[in-house]
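Asks: In order, the protein sequence lines correspond to chains A and B.
Heads up: the first sequence is residues -6 to 373, going by our numbering.
Heads up: the second sequence is residues 87 to 427, going by our numbering.
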Amino acid sequence: MAIALDPARTLELTADQAAPGKPFAFTGKAGEYFGIWIVNLLLSVVTLGIYSAWAKVRTKRYFYGNTRLDGSTFDYLATPVQILKGRLIAFAFFVAYAASTTIWPMTIPLFVALMFLIAPWAIVRARAFNAHNSSYRNVRFGFTGGLGQAFKLYVLWPIAAFLTVGAVLPYLAYRTDRFLIDNSRYGRLEMTFNGEVGAYFRIYGMAFLIGLPAVVLIVCFWALSIYVSYQTFGLDPAEVERTMAELIAAISPYFFLSLAWLPYAIGGAVLLGIVASSYLTTHRQNYLFDNTMIGPHALRLDLKLTHVLWIRLSNLVVIALSFGLMIPWARIRMTRYQIEQMSLIPQGDLDTLVGEQVAESRAYGDELGEGMDLDIGLGV
Amino acid sequence: MPLAFAGSFFDGVSSRRHSVQVELDEDGKALVIKGQEVGELCFPLTLIKVAPRVGDTPRFIYLENGASLEVSENDVVDRLVPSLPGGRFHLAQHRMESKLRWVLAMLALTIAFGWATIEYGVPYLAKKAAFALPREVDEMLGDGALAALDGFLFEPTTLDAEERAGLRRRFVDMVGRSDLEADRVQLVFRASPVMGANALALPSGIIIMTDELVRLAEHEDEVLAVLAHEIGHIRHRHSLRSVLQNSTVALAIASLTGDLASLTSISAALPTMLVQLKYSRGFELEADDYAVAMMHETGIEPTELGEILLRMTGGADGKIPDYLSTHPGSEERMKRIREGM
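#1: Which runs of the alpha helix (DSSP H) fall wholly inside the stretch 263 to 345 of chain A and span at least 4 residues, in chain order?
#2: Expressed to the nearest angstrom, what Euclidean distance is found between the alpha-carbon atoms of S218 (chain A) and V361 (chain B)?
#3: Pick out the complete beta strand (DSSP E) segments inside the stretch 145 to 219 of chain B, 3 residues or longer, and give them in chain order.
#4: Going by the CB atoms, is the gap between R61 (chain A) and F17 (chain A) shorter than 8 Å?
#5: DSSP has F144 (chain A) in a bridge; who is on the other side?
#6: Taking DSSP's pairing of strands, which residues face A116 (chain B) in a bridge?
#7: I want to see whether chain A comes within less than 8 Å of E156 (chain B), judged by CB atoms only; does it?
#8: Contact check, L146 (chain A) vs F172 (chain A) under 8 Å by CB: the rounded distance?
#9: Report yes if the C-beta distance between V140 (chain B) and I29 (chain A) is below 8 Å; otherwise report no.
#10: Quick check on M87 (chain B): buried or exposed, where buried means 16 or more other Cβ atoms within 10 Å of its Cβ?
#11: How long is the line joining the alpha carbons of V38 (chain A) and R250 (chain B), rounded to whole angstroms?
#12: Smallest Cα separation from D259 (chain B): which of B:D229, B:M226, B:A314, B:G121?
#13: So is M295 (chain B) buried or exposed if we call it buried at 16+ other beta carbons inside 10 Å?
#14: Near M182 (chain B), what residues of its chain come up, given a Cβ to Cβ distance below 7 Å and the 5 sequence neighbours on each side ignored?
#15: How would you call W215 (chain A), buried or exposed, if buried means at least 16 neighbouring beta carbons within 10 angstroms?
#16: Can you tell me which of the three DSSP states E222 (chain B) falls into?
#17: Can you check DSSP and say which residues form a bridge with P242 (chain B)?
#18: Does at least one heavy atom of the ligand PLP sit under 7 Å from the Cβ of T203 (chain B)?
#19: Using the three-state DSSP reduction, which class does D345 (chain B) fall into: helix, strand or coil?
#20: Between the Cα of P151 (chain A) and the Cα atoms of A:T169, A:F134, A:G139, which residue gives the shortest distance?
#21: Expressed to the nearest angstrom, what Euclidean distance is found between the alpha-carbon atoms of L281 (chain A) and Y164 (chain A)?
#22: So what does K15 (chain A) bridge to, in DSSP terms?
#23: Check for me: the alpha helix (DSSP H) holding D259 (chain B) runs from which residue to which?
#24: Please identify, using Cβ separations under 8 Å, the residues of the stretch 82 to 97 of chain A that lie next to chain B, in order along the chain.
#25: Do the CB positions of L391 (chain B) and M381 (chain B) come within less than 8 Å of each other?
#26: Where does Y129 (chain A) sit, in a helix, a strand or coil, going by DSSP?
#27: Alpha carbons only, please: which of A:L309, A:A269, A:H290, A:I116 is nearest the one belonging to L144 (chain A)?
#28: Please go through the same chain and pick out, in chain order, the residues whose beta-carbon is closer than 7 Å to the beta-carbon of L239 (chain B), but skip the five residues on each side of it.
#29: Can you confirm whether P144 (chain B), when its beta carbon is compared against all beta carbons of chain A, has any partner nearer than 8 Å?
#30: Under the rule that 16 or more other beta-carbon atoms within 10 Å means buried, what is D9 (chain A), buried or exposed?
#31: For V261 (chain B) and M99 (chain A), I'd like the C-alpha separation in whole angstroms.
Structure below.
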């Protein structure tokens, strides 16, 4: 042969032609959503929060209904009454917590421990509720994560993360993603997660490096403020000013920490923090989707960090300048980018290889878990 | 015009999609679904549920046995809805959200209602709730506070016994003229180089007076004026009302913005803080008013309060803008004191 054929490349080409990815589309419009958002806001406020259950359902329906895949949209099936029940119980719990801890501050540790214990149950139940009430082409999703696993992931491992100053965070993230995906399904199609731990350490490591200058700066500033207050304790105002001026003069050559620099330093630290966290979430979401299979079908997500950062930062500025009125616009904008970067790589024709309904088993307490608003979406 | 539309039919067993035509039968009591793969199906209206319309998203119609329809012709389905339970409510919701004049009206109402709640609603409710609670609640709020403050803020007083006795006598006299029970408030003296000239009222009823303030005052009347202001804080149960108002506002703002993307929760902290500072300034003015009334009762010139306030704030006024401060500016307070005379 005159030209050597690369077998791997050939396989790639064949696979692409056999199963082209079907992109997700988002058809939501800011103007349309603004009307829904403002009515939600007003009626929720006027009814002291009762309407918020209806507001949540309408918002979810709007975003689900504008998410299109292969000509069909997603459906959110929960009723406002279900959401309201859960929220009322959660509210009662909050009132009990606020009243009790204000009058008897010694009960704070008791409530904290209680919330630690309830959290895994609430997270699992909320996820089950949301999965069960989400459907595509009239086949519901499902989540069957176990309480034992949840307790390990949401109580024990976070404690370990705290004790190791975050070193095990990547491993915890890996285990969490695996737990959430492996226990989810679409109809009878089981979802599987094929990711590896190594990728998580790489992603978290990089995010940490990006954010490191900010962390160093904040630690320095914090240490300095402690030192200054220690030095000036017990002095009268004139002496305090003199001592501070002396301290600043002494430090300036080394850390450029004269007061003029401070606002810029803090602003820079915040910005760096946003970049680091955007890096983390973007790469983690991409990795999660790229390694998730729904039965034989694969998912793909291709978010670009530069786009995400641009959208996120410009959204913040626009929201601040509009006193919050542009929140609906910002949300539609971010959602549109996220969804349009998603695609499904179906094995065969989507219409023939289908999910089938599983017999419903309604678990008690789903609404309560949902009411605690602890649902962790699949990235969107 | 006959009620007919196209849609996708799902049989409730698999996700297979079938294109169908749907129409209302002659009696208007059932939906007839016709399609190549499904044949002809009939569903009485009493057994179907139509999802509420949200924007222009495809409408789902839920049929028996878990089957459903996905329809994009929303306007046609809208004609079907009024005859179904809850239908008018759903149509009204959609109308409010989609017609421009309604949306603008909603926007104006939201801003007005939100402002009224923060300005009047929350303070009113907090006041009612606070005064409905027994004074033991206030006492529990401040329990242990003095001991904690003694740990890092205060040192033992350096005023001599005679000075203290004189001030205490006049303090007790002033409390006697108020409607507070004599044992509700108690005066203690401390020195505080860190805090300087100031006075503090703890919700438990303990009023702390610093040596620095006594020395800053040019005569006893000025000290009494500040004490009257602090008594006002306790009489009006500001600590308890502050806790109630601040936590209500924090909870309300957090839950309103909590459903939205996380970037808005950062921006929720700022308005929450601004509202809490505003409440704090309101309480200070209320305490000032009480102090003026008290001073009238005891025959002290209300301007004494203004004088000592000016001296306490020294040149610090104007460095922090008013809306970021826990206390109103001294000029505003002076003006109010003068008007109250």
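Ideal placement from N, C-alpha and C gives every residue a C-beta, glycine not left out.
Computed from a predicted model, the values in this text were never measured in an experiment.
Replies: According to the structure data:
#1: The qualifying runs are 298 to 314, 320 to 333.
#2: Between S218 (chain A) and V361 (chain B), the alpha-carbon positions lie close to 28 Å from each other.
#3: 145 to 148, 154 to 157
#4: Yes. Within cutoff.
#5: DSSP, once it has assigned bridges, lists no residue as partnering F144 (chain A).
#6: B:P130
#7: yes
#8: 6 Å
#9: yes
#10: Around the beta carbon of M87 (chain B), a 10 Å sphere encloses fewer than 16 other beta carbons of the protein chains shown; the residue is thus reported as exposed.
#11: 52 Å
#12: B:A314
#13: Its Cβ being crowded by 16 or more others within 10 Å, M295 (chain B) is buried.
#14: W188, M192
#15: Around the beta carbon of W215 (chain A), a 10 Å sphere encloses fewer than 16 other beta carbons of the protein chains shown; the residue is thus reported as exposed.
#16: helix
#17: Paired residues: B:R276.
#18: As presented, the structure is devoid of all ligands, the ligand PLP included, so that no description of it is given.
#19: Reliability fails at D345 (chain B), whose pLDDT of 48 lies under 50, so the model's placement of it is uncertain and no value is given.
#20: With distances taken between CA atoms, P151 (chain A) lies nearest to A:T169 out of A:T169, A:F134, A:G139.
#21: Linking L281 (chain A) to Y164 (chain A) through their CA atoms gives a straight-line distance of about 14 Å.
#22: Looking at the DSSP output, K15 (chain A) sits in a beta bridge with A:L337.
#23: D259 (chain B) -> alpha helix (DSSP H) spans 247 to 263.
#24: F87, A91, T95, I96, W97
#25: Yes, these two residues count as a Cβ contact at 8 Å.
#26: strand
#27: Reading off the sequence shown, one finds Phe at residue 144 (chain A), where the question assumed Leu. Among A:L309, A:A269, A:H290, A:I116, the Cα nearest to that of F144 (chain A) is on A:I116.
#28: If we look at L239 (chain B) and ignore the five residues flanking it on each side, its Cβ neighbours are S278, V280, M281.
#29: yes
#30: Residue placement at D9 (chain A) cannot be trusted, given a pLDDT of 44 that sits under 50; what the coordinates show is reported in the next sentence. It is exposed - the Cβ of D9 (chain A) has fewer than 16 other Cβ atoms within 10 Å.
#31: Roughly 33 Å separates the two Cα atoms.
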